[in-house]
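The structure appears right after this line, and notes come after that.
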Amino acid sequence: MRLRLFLVLCILAPLVLADGLPDLGESSQTDLSPQMEKKIGESIMRDIRQQEPSYLDDPEIEGYLNRLGHRLAAQSEGASLSFEFFILKDATLNAFAMPGGFIGVHTGLIMAAQSESELASVLAHEISHVTQHHLARSISKQNLSQYAALLAMAVGLLAARHNPDLAQGAIVGGQAAGIQNQLSYSRDFEREADRTGLQVLEKAGFDIRGMAAFFERLQKFGRLYENNAPGYLRTHPLTTERIADMENRIQSRPYHQVADSTDFLLVRAKLLAQEGASQDAVVRFDTQLKERKFTSEAATRYGLAEALLRDGKFAAAEAQVAELHRLKVASPLLETLAADLRAKQDDPAGAVKVLQAAAVRYPQERAIAYALVENLLAEHQADQALKFTQSDLQSYTTDGRMHELQARTYAMLGMRLQQHRAQAEAYALTGQLLAAVEQLQMAQKAPDGDFYEHSQVDARLRELKARQAEQAKEKKQQR
Ligand SMILES: [Zn+2]
90 MRLRLFLVLC ILAPLVLADG LPDLGESSQT DLSPQMEKKI GESIMRDIRQ
140 QEPSYLDDPE IEGYLNRLGH RLAAQSEGAS LSFEFFILKD ATLNAFAMPG
190 GFIGVHTGLI MAAQSESELA SVLAHEISHV TQHHLARSIS KQNLSQYAAL
240 LAMAVGLLAA RHNPDLAQGA IVGGQAAGIQ NQLSYSRDFE READRTGLQV
290 LEKAGFDIRG MAAFFERLQK FGRLYENNAP GYLRTHPLTT ERIADMENRI
340 QSRPYHQVAD STDFLLVRAK LLAQEGASQD AVVRFDTQLK ERKFTSEAAT
390 RYGLAEALLR DGKFAAAEAQ VAELHRLKVA SPLLETLAAD LRAKQDDPAG
440 AVKVLQAAAV RYPQERAIAY ALVENLLAEH QADQALKFTQ SDLQSYTTDG
490 RMHELQARTY AMLGMRLQQH RAQAEAYALT GQLLAAVEQL QMAQKAPDGD
540 FYEHSQVDAR LRELKARQAE QAKEKKQQR
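Rendered as structure tokens:
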């Protein structure tokens, strides 16, 4: 844990210095420039993706959360800002906004939400912290030097999810005291995020009563835990006053019930199916189904199918998928499950068929795009896979995973120069510059490729080497 934190410090330090130390004058939202916030956020995000064991690398669930988050963000004042939502596998109830619009949500919070509006209310609150520039505004109030404050905040944010004490312990040199203050927004900021969040929630068409209801339950939950309050309560002081304020605002609004989306129900079922031993998960869903104790038959059957898949009971899982189709359930999650089942039974051609149809129906679903390429490769249809990755990467130029899949495709086709070139982009996009440079050097030595392609490789190598030198220089300055 300590090692990981230290790594974050090392990655961040040159980055913060690179932009120089911005003027830390009066409290205004320009003190911490949006560009710098973005850079810091991206750097922490890369670290989380690569090294954080609790990062949930599930493009389906992440895809759902981003659809929900972007629907809310589109109704916020920060519609021009970019947001990215991600999930940490952690049973505590927490959500947090990092610099640059990166918003993390714990699986515990998703499971604790009893409706989609409740989950949306927390996202709307976090989005509001970002659009109201609360991070930048709280840094301005600190008496720490800008540099120390930024580092403390970045590291603190990452560590505090697991254990708030650790965040303090890991920072040396008298900065510790500032972190806890930075992690907790002031009551004014909380109230502002509640109010703005409520408007966002309403404009996006969710049940605004979800917010007060959820926060009230979080409050109750916090009381049970006393000193060991769930994370969300620690970083967002929740008071009776705040809940009362929300309830007052809600009362004047007309009541309208909002149904949960199928995807929300399926995502929760999928998370539940992953908990504990697979056989136990099967029994849990099976019992619910037999006793007809469920709120959604579709979600329960889907959860059962996921649990059966985990347990290696493919035929039984197929039977549930057939039932779900009979129930006319429409969700990208069902399509990837059906394809996964085909693939697990050595039928990549069947998986490809399912995914090709699904890709037409859900063109923006990344999980479907990844699975399609994987299965085309399993079926040795490298030509088709190449065609797909080429057109896909025109829209998703910064998708490291797709570049990686394209590298595998080129490898299968025996196209060495292009293989290393694609792999270099995959590395560059995940911040692994050294590995990217090495791949391009291999591309230079590749026996294939024409003059034009080789000069493209040379040019890209010069670019990345320049970036590398710049980073080395920054690191030197820092010492
Ligand atoms: Zn808050």
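Using the working numbering, the letters of the sequence shown correspond one by one to residues 90 to 568. Don't be surprised by glycine CBs; every beta carbon is placed ideally from N, CA and C.
- Ranking 459, 354, 159 and 412 by CA distance to the CA of residue 445 puts 459 first.
- For residue 195, the secondary structure class from DSSP, reduced to helix, strand or coil, is strand.
- In this structure, residue 400 lies near residue 367, with their beta-carbon atoms less than 8 angstroms apart.
- Under a 10 Å Cβ-count criterion, residue 337 is classified as exposed, with fewer than 16 other Cβ atoms of the shown protein chains found around its own Cβ.
- In chain order, 291 and 297 place their CB closer than 8 angstroms to the CB of residue 342, counting only its own chain and leaving out the 5 sequence neighbours on each side.
- When distances are taken from the beta-carbon of residue 469 to the heavy atoms of ligand 1, even the shortest one reaches 7 angstroms or more.
- Under a 10 Å Cβ-count criterion, residue 206 is classified as buried, with 16 or more other Cβ atoms of the shown protein chains found around its own Cβ.
- Three or more Cβ pairs closer than 8 angstroms define a contact, and the stretch 170 to 187 meets that threshold against the stretch 145 to 152.
- No Cβ-Cβ contact shorter than 8 angstroms links residue 422 with residue 476.
- Ranking 159, 382 and 361 by CA distance to the CA of residue 391 puts 361 first.
- Rounded to whole angstroms, the Cβ separation of residue 518 and residue 487 is 6 angstroms, and the two are in contact under 8 angstroms.
- The Cβ atoms of residue 502 and residue 491 lie no closer than 8 angstroms to each other.
- Taken from the Cβ of residue 404, every heavy atom of ligand 1 lies 7 angstroms or farther away.
- In the three-state reduction of the DSSP assignment, residue 297 falls in the coil class.
- Rounded to whole angstroms, the gap between the alpha carbons of residue 524 and residue 508 is 14 angstroms.
- By the 16-neighbour rule on beta-carbons within 10 angstroms, residue 416 is exposed.
- By the criterion of a C-beta distance shorter than 8 angstroms, residue 332 is surrounded in its chain by 301, 304, 305 and 308, once the five residues flanking it on both sides are discounted.
- The closest CA to that of residue 220, considering only 188, 440 and 428, is found on 188.
- About 13 angstroms separates the beta carbon of residue 539 from that of residue 505, a gap too long to meet the 8 angstroms contact definition.
- For residue 214 and residue 560, the gap between their C-alpha atoms comes out near 36 angstroms.
- Straight-line measurement puts the Cα of residue 455 at about 27 angstroms from the Cα of residue 365.
- Apart from the 5 residues on each side of it in sequence, residue 287 sits with its Cβ closer than 7 angstroms to the Cβ of 297, 300, 335 and 338 in its chain, given in chain order.
- Scanning 168, 160, 186 and 389 for the CA closest to the CA of residue 133 turns up 186.
- Within the stretch 393 to 479, the runs of alpha helix (DSSP H) at least 4 residues long that lie entirely inside it are, in chain order, 403 to 415, 421 to 433, 437 to 450 and 455 to 467.
- The residue among 198, 137, 277 and 510 with its C-alpha nearest the C-alpha of residue 544 is 510.
- With respect to the C-alpha of residue 350, the residue from 378, 405 and 418 having the closest C-alpha is 418.
- The closest heavy atom of ligand 1 lies 7 angstroms or more from the beta carbon of residue 222.
- Within the model, the alpha-carbon separation for residue 499 versus residue 553 is close to 22 angstroms.
- With a cutoff of 8 angstroms on beta-carbon distance, residue 430 and residue 407 are scored as near each other.
- Under DSSP, the beta-bridge partners assigned to residue 177 are 144 and 195.
- Within the chosen limit of 7 angstroms, ligand 1 does not reach the beta carbon of residue 195 with any heavy atom.
- Only residues of its own chain outside the window of five on either side were considered, and among them 362 and 396 have a CB closer than 6 angstroms to the CB of residue 370, listed in chain order.
- When the five nearest sequence neighbours on each side are left out, the beta carbons in the same chain lying within less than 7 angstroms of the beta carbon of residue 352 are those of 153, 420 and 422, in order along the chain.
- Beta-bridge partners assigned by DSSP to residue 187: 191.
- Here the alpha carbons of residue 141 and residue 278 stand approximately 29 angstroms from one another.
- Here residue 126 is buried. Its C-beta has 16 or more other C-beta atoms within 10 Å.
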